[in-house]
Each structure stands twice: as C-alpha cells, then as structure tokens.
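S.K.:
Protein chains: 4
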Amino acid sequence: MNITVWNEYHPKHQSGKTAKVYPNGLHNAIKDIFKDNPEINVRCATQEEPENGLPDKVLDETDVLIWWGHNWHENVLDSVVDRVCQRVLKGMGIIFLHSSHESKPFKKLMGTTCSLKWREDGGGERLWTINPSHPIAYGVPETFTLEQEEMYGEFFDVPTPDEIVFLGWFEGGEVFRSGITYRRGYGKIFYFQPGHETYPIFYDKTIQKIIYNAAMWASPSAPPRPTLGSTYTPKHERRKLFKWK
Amino acid sequence: MNITVWNEYHPKHQSGKTAKVYPNGLHNAIKDIFKDNPEINVRCATQEEPENGLPDKVLDETDVLIWWGHNWHENVLDSVVDRVCQRVLKGMGIIFLHSSHESKPFKKLMGTTCSLKWREDGGGERLWTINPSHPIAYGVPETFTLEQEEMYGEFFDVPTPDEIVFLGWFEGGEVFRSGITYRRGYGKIFYFQPGHETYPIFYDKTIQKIIYNAAMWASPSAPPRPTLGSTYTPKHERRKLFKWK
Amino acid sequence: MNITVWNEYHPKHQSGKTAKVYPNGLHNAIKDIFKDNPEINVRCATQEEPENGLPDKVLDETDVLIWWGHNWHENVLDSVVDRVCQRVLKGMGIIFLHSSHESKPFKKLMGTTCSLKWREDGGGERLWTINPSHPIAYGVPETFTLEQEEMYGEFFDVPTPDEIVFLGWFEGGEVFRSGITYRRGYGKIFYFQPGHETYPIFYDKTIQKIIYNAAMWASPSAPPRPTLGSTYTPKHERRKLFKWK
Amino acid sequence: MNITVWNEYHPKHQSGKTAKVYPNGLHNAIKDIFKDNPEINVRCATQEEPENGLPDKVLDETDVLIWWGHNWHENVLDSVVDRVCQRVLKGMGIIFLHSSHESKPFKKLMGTTCSLKWREDGGGERLWTINPSHPIAYGVPETFTLEQEEMYGEFFDVPTPDEIVFLGWFEGGEVFRSGITYRRGYGKIFYFQPGHETYPIFYDKTIQKIIYNAAMWASPSAPPRPTLGSTYTPKHERRKLFKWK
C-alpha cells in the first residue's frame, strides 16, 4: 500500500512557531504514523516542488493521499487540482486535514464554499465518537481532549456527509462535525478537523490512530468499473439474457 | 389539521417543582404554541386517562402526535404503544420531546436502546442549526442558548438519523444530536432534546418556533399507498404495458 | 413565488422532431405546469439570449430555477455557471431535468462526473416511488409508466443523494435513481431523470405533479444565515453567556 | 473469526424441491462460502434445535450471524429474538438473507413492517452495483444476472438504509433495494434480497463473493464502548479538563 503525505510546507513554515513544533515539517510527523507497518510505503510531497510535488508519476503510485494545507491554497496549480480530483473519482483515497477544508481539491469535490467559523485563542477541543462501529473509530475512545486546538465551528458549509464519525466541542460554545466521510466516484474521502500547525496534534496517539484507520478505510480495493456512456443491447440478446423470454 | 399533545402528567407533576413552572401541565404550554393558527385544532391527552388518553377515536382525529414523558414510561400500555406505532407507520406524524427518547413508542420505532448520557446540574445548553434549509429550521437563528437544561450527551444510541437539524453543546464538555428526523413507513418522526420539566423551556420563543415548524413538517399529506404482498401481472398484460413488446 | 424555466432551446430544437412535440419549446410546456396557481410567477429564459438569459436581474427575482439542457452544455458561459451555483448556495432552489445531469452547474455542484449509461431506442420507463412521505411524492402513485423515454442507467456517478424519491426501471434490464435530492449551502436541489425532448413527457400529468411538488419543496423559506469566518467572543462575554459561570 | 449460519431448516425443507437444490440444507451451502479461509470458523444452527440453536453459548462465540428464514418465522422464540437483537446492539454483525426481511429479529431491529411486493413465477433478476467503493462490492461486477429468483419489489417498508449497495431489476417491471446496510447500536447489519430456496442462488460465485464480503464488513473490531446513563463531572474537575480554565 502506497501513501503520499502532502504538505504546503511554505518557507514560512520552515522556521518560527510551526518549525518549533514540527522541526522536519508536519508531513514527516504524519509519515511517522505508519512507520511500524512494513507493508505501507509512505512518501512526502510539498507545494514548493515542481508540479506541487504531485506529477502523474507520483499519483500513479499513490493509493491514499493525505492533504494538509492552510495559508497558500492559491499556490496549488489548477492542473494539479484537476489531476488529484480525477484520481479520487477513479478510486484513490484522500484524507483532508484541518485547514484543507479550504483547499482547492476539497472545495472542487464538495461543490460548496466549505466555509466555517474559526478562532485561535489557545483554547482546547473535546472530540466525541458518535459512530462507534465505523472502521475509522476502531480502538478510539468514546471521547478525548486536545489541550489546544484552533476552534472550527458550525455552520460548516459542506454537503451532507455520508457518515459522521466524530463531533467536536469547543470551550467558546461551538460544536463541529470534526470527522466526516464522503464517497465520490469510486474514491473515498475523509475530512478530519484537528491539526493546527502550532500545536503538537500529530504527535497525539489518538489522532495518529484515527489517521491510520482512515488511511486503511480509504485505500481502494477492487471496485467494479462500470461502463458509462451509450449502451446498446440488441433485442434478441436481451431475450437471451432471461430464460423466460 | 389536528394535533394531539400527550403528557404523562403524573400526579407527582401536578404539584411541586414542575407545577411551579407549568401550573396547568406542560401539555397546555405546548398546546399554546399553536393557538394563533385557527386552522389547527389541538387537544391534550394524558397517561392517567383510560387507554392512556389515546383510544382509536382520538388517534383517528390526530395528524400529528406530540409526546412528552419522563419517569413513568412503563405505565404506558403495550396495546397503546402498538396502536401509536401502527399509526406512525401509516402516516401519522410524531414529535418526541426530551426524555421521550426512552418512551416505549420511540424505542419500538427505533429498534435500539436509545440510551444516552445525562446530568442535571443547572447548567445550560447552546444549540446550533446545522441544516439551515430544513423546514424545521425556518426562521430559527443559527445558534441560541437555553439558560438551564438537563444535559443529554453522546453517545446517543439511535439509528443514523435521516437528517440532523440541530446539534447541542453543554458546559460540561458534551455534545448531542439535539434535533433529528426519521421517516418510518409513511410517517415522519422528529426527536427534539430540549424540554426538561423543571425549566421554562416550552415558553422559549425559539423552542416554540421549532416545535411549530416540526408539526407542519410532520403532518401527513397524500402519500402513495403502495400495495404490498403477493402481486401477479400476467405476461400478456406486461407485454401490453410497454409499447415495444 | 418566482420560478424561472431555463431551456437551451437551440435553433435546431426550434424545428424538427422536438418542435413537433413542443411547438413553443419545452420551457413553455414546463411553464404551463404552474399556470393554475396565481401566486406563482413563471418566466422563461433560454441559452441564446444575452448572458444565456440569466443576468443578475433575472436571478434576483428567481426563487426556483428549473434547468433543461441536453446537447449544448458547453455554450453556457462559465460566468453564468458560477452565478447560478452561487445563488443555489445562498438559497435559490434548483431542479435539474433529464440531460441536465451533464450541465455545467449540476456537475459543479456535485463535484463528480455525473456520467451514466444511456440508450435511445423507443423503449419505455416505469417509475417507482420509494419515499412515500416525501413532499415531492405527494399525490403521486406508487408506480407509473412512460410509454417512451430515453434509458438512463446505473452506475450514476453522483454523490450519495440526501434522499432518493423515485427509482426507474427500463426494459433493457437497467435501473436508475430517477428522482434524488441534495442540500447544498442554503439551497435545495432536485434531479429528475425523465424529459427527453422528442417524447411528450412534460404533458404527462404525473410528471407535471412531481415537477410542481419539487418546485414547492425547493423554494427557499427563511433559513438562518450563519456568520462565517473569524469569530471572537471575549472570555468575559462567554462567561456572561452562561448563568453558571 | 466465528460465523454462525442459521437456517429455519423446517422438516418440509428436508425433502421436496428445496432438498433437490440443497441436499444438505442451504445453511451448508452458505457455510461452504468460507471454506477456503482457514481463519474463519463456521458453525450452523437451525430452528428445530433447542433454543432454536442459538443459546448464549453459541452467540458468545459468534462474530457474525447469517440468518435465513422464510415460512416459519413465528416458530422462533421471542426470548431468542431478544437475545439476538441485544447481541447486534452490542456489536455482533448480522446478515439477513432473502425472506428474512420478515423474520422477527429483522423487524424488531428495523421498527417497521418490512413488507414488500413479491411474486414467484420463474422469472429472473438483474442486480446492479450502485456503491462501487463499498467493501461489500469489492470484486463484484457492475451488473450480474440470476436466471431465476423470486421477485421482491418496492415499496420496501424499511427505514432509510445507511447505504444502498445493490439495486435489483425484475422482468415484471419491478425494482428493489436488494443490498442495504444499517448500523444499530455497535453492530452492523446487511440485508441481501437474493436467496429463494428452490433456486441454486447460493452456488452462484458472485452471490458467494457478496456474502463473503458482507461477513468481513460486518465483523466487529474494537469499537469504543461509551458509558451511558447518569454522568457527573464536578466543576473543579471540568476546570482541570481544559488548560484555559
């Protein structure tokens, strides 16, 4: 199984507050989530690389793409956005983390503004598992707390999720659909709200378990490949289809 | 349109704390929600009456039943529970309020335990509208606060709702799917969490608007009445069905 | 209530087979569906007009837009597509008919290819109501037949519908999710499969009832208008929010 | 992993038409589906055994229960029905086949009549995969045909499924939601329509693949076990929960 972890990793993130928490970039912290499973190959890609690090060659070898972006969404090439969305519709799994709710591929796949409320004031978050039999919740406690996380609040302008796995609670009186799934084309999508770059979210064992589960859930198996477009079955063949004709 | 408001209205509720807040019983407070619409007839029924106040004659004249019960669910006759559930499956709308999540008809219609977390400590609740285009949310603000309400928290052991209209936030760090809809048979069901008997919840203008909207939404119109069971279409008739045969 | 019926109405449709069935264009046949309700104003707009007939002025006065297009989707200006999608996300209802599954606004709102199987061979369709308590099904029989209709078959590459109201059956052995709903932003969307231009589908009483119901269902009421973006509640104010703090 | 295949296996099925197709009972044909996987233990249980073959001891060792019943639903003890439903709500997976839509446990878990249309006339069925990325569809073709199967038609009076994986097409003009999933409590449920006892359905490779996939999908993992009921967090502890208080 091949996972690609994508991070905008802007030069400004390579020093300052973010670098203090994630000296090698948070993509490497996310990569480490999978290090104990020898059957999973993880590579990283970043926005500053040619074709934003996502040429066809990389996507050809990607079963699940994990996307983290925050402030430089506009720097992602539209050609790369189209390529990523096409791959998802053809079966590649994708996990959008935190501020990726405003990334171009997420908005294009959702068809809505994906806007929400937000506030960064050092407050924390409490998450609740409301879909306990979902594979993404395997081994996850019913509730867990993040000492500090950026607040994301409803109304979250996304399509009705196929499934809501986690709800988030914030000290300021906000709630959020913090872990939600979608099926689009032949691909699976998981959006997960935690992951602000100045907090050590991706070192949290429960967060790591959820991202690990989500990658397993999102990885493509052998879906049918419907034939689309014009179709013609001559009557005599239709007749043969069914014994009673 | 005919609405019946049902309240367990146990003698113990007819004095003490509940009676202080609802001197005539909370069923009458709920009844008043509809008093400005001359086209709506509202009657009340209570558990202590014969057949728990819900003989066939009453249900024959009920488009939407509003149910409030808390501590005496076991006193509802199984024959009445069966009758109410049958009516819902045949098209009667029903609104379950607050502790009715543990009423016999709600549990029978859901097929799950309908358990949840709860705490009564004088804390408040903040509700959020997450389905702004839903008829039950018409004219409801994006968020509103109840100064005091019993806490109901996830995990709420109900089937996946058809729609989630409201989420609840509680000061102790809990969240809840506070306003949810289901379709069962030809009937519509709305569960709404607020409504603890010792708080003046049913005098709140926003709560009143939601219950009013829910009754409009749940009222049956003219659904198709499918024929169920064995069906036989002779081949020559099937042939006639379609021009090309 | 203001409805705008949009039809690509290409010059090639203004003569030949389509014109035989719909001498004044099928937009006028659809417009007639509402003629008995004096409270509904219906206007028509067509692709050949400036701004494809949909300048802001028209959309300002549109509660529900009904869209029919088939062969000239590419002729719709991207600026018009963006404008229509923005309106839907802000609350305008929209009904996509038949081949509009491949229209630019539908694909943009769905985020998928919206591909399907199709065949035109003079065969018929049988539709089934599988959501009998849905407002769009009010007064619609459990099943009805269209003597001739273009076959549209699964797999239909759309997001999981919020609700499936009708399923379609075709003589060649195909099935289709023929009537489906979505909520996007503050707007409601209904996709309805029947409506091939060379058949008198829009004169069918049941089809007319469904389109009428769908327009009523999709028309915006008074949804909450969430405030999105950065939000800040000073701690002392949060404290005031809740009695117990 | 432990699977129990349950069959009503009435003496009347032990001779005559059914016995011709399934000489050892169809439970053994279903059991054989898993014979190539040494990590799966499959046992069979039948209605005529004490406690209908499902004492606590058997359910203690059951991860997924596969249920097939048709004409003797009433012979299942209510105590066994309660026991099975409780296990599902606590996490046991369950697969209901064909006429089990009218079995007591299915109706109790659904809360509806579970009625449908039916006809047995030697006609066939064509199934379509409409959820290609669902684990139950892995390796299943987009469409496949059963030469003979009892017709089950809409309206199918069940709750809105969490997911629809397969749709069925029948020669008489009927359609059906033939493969649907539900989550109830901590358990997963799959209902699959094919499987009439006088046809060799359970020898069909595609049917076998679907039942195998469904058992994998339904098997419980390590879901969180929420604490339900009264909960109390002293204010000073709540304060400690969150850094900023």
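Residue numbers (our numbering), protein chains in the order written: chain Y, 1 to 245; chain D, 1001 to 1245; chain B, 2001 to 2245; chain U, 3001 to 3245.
Here a beta-carbon is modelled for each residue, glycine too, at the ideal position from N, C-alpha and C.
#1: I'd like to know if residue 2139 (chain B) contacts chain D, where contact means its C-beta is closer than 9 angstroms to some C-beta of that chain.
#2: Sorted by chain position, which residues of the same chain lie with C-beta nearer than 7 angstroms to residue 2052 (chain B)'s C-beta, five sequence neighbours on each side aside?
#3: Do residue 3022 (chain U) and residue 3170 (chain U) have their C-beta atoms closer together than 9 angstroms?
#4: Could you tell me which residues DSSP pairs with residue 3106 (chain U) in its beta bridges?
#5: Label residue 1103 (chain D) either buried or exposed according to how many other C-beta atoms from any shown protein chain fall within 10 Å of its C-beta, with 16 as the threshold for buried.
#6: With DSSP collapsed to three states, give me the class of residue 3024 (chain U).
#7: Using a threshold of 9 angstroms, state whether the C-beta atoms of residue 2189 (chain B) and residue 2218 (chain B) are closer than that.
#8: Please report the straight-line C-alpha distance between residue 1195 (chain D) and residue 1098 (chain D), rounded to a whole angstrom.
#9: Please report the straight-line C-alpha distance between residue 3140 (chain U) and residue 3129 (chain U), rounded to a whole angstrom.
#10: How long is the line joining the alpha carbons of residue 1237 (chain D) and residue 3175 (chain U), rounded to whole angstroms?
#11: Rounded to the nearest angstrom, what separates residue 2100 (chain B) and residue 2072 (chain B) at their Cα positions?
#12: Cα-Cα, which of D:1199, D:1220, D:1144 and D:1160 is closest to residue 1017 (chain D)?
#13: Apart from the five residues just before and just after residue 111 (chain Y), which ones in its own chain have a Cβ nearer than 6 angstroms to its Cβ?
#14: Figure out for me which residue from B:2159, B:2154 and B:2131 has the closest Cα to the Cα of residue 2108 (chain B).
#15: Identify the continuous alpha helix (DSSP H) that holds residue 217 (chain Y) and give its terminal residues.
#16: So which of D:1221, D:1010, D:1168 and D:1146 has the shortest CA-CA distance to residue 1206 (chain D)?
#17: Can the beta-carbon of residue 1054 (chain D) be found closer than 9 angstroms to that of residue 1006 (chain D)?
#18: For a quick check, are the C-beta atoms of residue 2061 (chain B) and residue 2043 (chain B) less than 9 angstroms apart?
#19: By a C-beta neighbour count over all protein chains shown, 10 Å radius and 16 as the cutoff for buried, is residue 2015 (chain B) buried or exposed?
#20: What is the DSSP secondary structure of residue 3012 (chain U), reduced to helix, strand or coil?
#21: Using a Cβ-Cβ cutoff of less than 7 angstroms, which residues in the same chain neighbour residue 113 (chain Y) once the five nearest sequence positions on both sides are dropped?
#22: Just to confirm the assignment: which complete alpha helix (DSSP H) runs, minimum length 4, are found wholly within the region 3090-3174 of chain U?
#23: Whole-angstrom Cβ separation of residue 66 (chain Y) and residue 187 (chain Y), contact assumed at under 8 angstroms?
#24: Within 9 angstroms of any Cβ in chain D, is that where the Cβ of residue 3 (chain Y) sits?
#25: Classify residue 2071 (chain B) as helix, strand or coil using the three-state DSSP reduction.
#26: What span of residues does the alpha helix (DSSP H) with residue 57 (chain Y) cover, start to end?
#27: Go ahead and pull the three-state DSSP assignment for residue 3311 (chain U).
#28: Which residues in the same chain have their Cβ closer than 7 angstroms to the Cβ of residue 1033 (chain D), if we skip the five residues on either side of it in sequence?
#29: Would you say residue 2216 (chain B) reaches chain Y, if we count a Cβ-Cβ gap shorter than 9 angstroms as a contact?
#30: Answer with yes or no whether the minimum CB distance from residue 188 (chain Y) to chain B is below 9 angstroms.
#31: Looking at the structure shown, is residue 221 (chain Y) part of a helix, part of a strand, or coil, going by DSSP?
#32: So, helix, strand or coil for residue 1229 (chain D), using DSSP?
#33: What residue range is occupied by the uninterrupted beta strand (DSSP E) comprising residue 191 (chain Y)?
#34: Under 6 angstroms Cβ to Cβ from residue 1046 (chain D), same chain only, skipping five residues before and after it: list those, please.
#35: Is it true that the CB of residue 3089 (chain U) sits closer than 9 angstroms to the CB of residue 2154 (chain B)?
M.R.: In brief:
#1: Residue 2139 (chain B) counts as touching chain D.
#2: Sequence-distant Cβ neighbours of residue 2052 (chain B) in its own chain, meaning closer than 7 angstroms and more than five residues away, are 2076, 2077 and 2080.
#3: For residue 3022 (chain U) and residue 3170 (chain U), no; Cβs fall outside 9 angstroms.
#4: Residue pairing by DSSP places residue 3106 (chain U) in no beta bridge whatsoever.
#5: Residue 1103 (chain D) comes out buried.
#6: Coil, per DSSP.
#7: Cβ distance < 9 angstroms, so residue 2189 (chain B) and residue 2218 (chain B) count as in contact.
#8: Cα to Cα, residue 1195 (chain D) sits roughly 5 angstroms from residue 1098 (chain D).
#9: Their backbone Cα atoms lie some 8 angstroms apart in a straight line.
#10: Reliability fails at residue 1237 (chain D), whose pLDDT of 49 lies under 50, so the model's placement of it is uncertain and the value that follows must be treated cautiously. Roughly 18 angstroms between the two C-alpha positions.
#11: The alpha-carbon atoms of residue 2100 (chain B) and residue 2072 (chain B) are separated by roughly 10 angstroms.
#12: Of the candidates D:1199, D:1220, D:1144 and D:1160, the one whose C-alpha sits nearest the C-alpha of residue 1017 (chain D) is D:1199.
#13: Contacts found: none.
#14: Closest option to residue 2108 (chain B), judged by alpha-carbon separation, among B:2159, B:2154 and B:2131: B:2159.
#15: Residue 217 (chain Y) -> alpha helix (DSSP H) spans 205-218.
#16: Of the candidates D:1221, D:1010, D:1168 and D:1146, the residue whose Cα lies closest to the Cα of residue 1206 (chain D) is D:1146.
#17: Taking 9 angstroms as the cut-off, the Cβ atoms of residue 1054 (chain D) and residue 1006 (chain D) count as close.
#18: Between residue 2061 (chain B) and residue 2043 (chain B), the C-beta spacing is below 9 angstroms.
#19: By the neighbour-count rule (16 or more Cβ atoms within 10 Å), residue 2015 (chain B) is not buried but exposed.
#20: Collapsing the DSSP output to three states places residue 3012 (chain U) in a helix.
#21: Here residue 113 (chain Y) has 157 as same chain residues with Cβ atoms under 7 angstroms from its own Cβ, once five neighbours each way along the sequence are excluded.
#22: You should have 3104-3110.
#23: Contact flag wrong, Cβ pair sits at about 14 angstroms.
#24: For residue 3 (chain Y), not one C-beta of chain D is nearer than 9 angstroms to its own C-beta.
#25: Reduced to three states, the DSSP call for residue 2071 (chain B) is coil.
#26: For residue 57 (chain Y), the enclosing alpha helix (DSSP H) has its first and last residue at 56-60.
#27: Nothing can be reported for residue 3311 (chain U), as the shown portion of chain U is limited to 3001 through 3245.
#28: Cβ neighbours of residue 1033 (chain D) beyond the five flanking positions: 1208, 1211 and 1212.
#29: For residue 2216 (chain B), no Cβ of chain Y is located within less than 9 angstroms of the residue's own Cβ.
#30: So, not an interface residue.
#31: Coil, per DSSP.
#32: DSSP places residue 1229 (chain D) in strand when its eight states are reduced to three.
#33: Note, residue 191 (chain Y): beta strand (DSSP E), 187-192.
#34: 1007, 1009 and 1053.
#35: The beta carbons of residue 2154 (chain B) and residue 3089 (chain U) sit no closer together than 9 angstroms.
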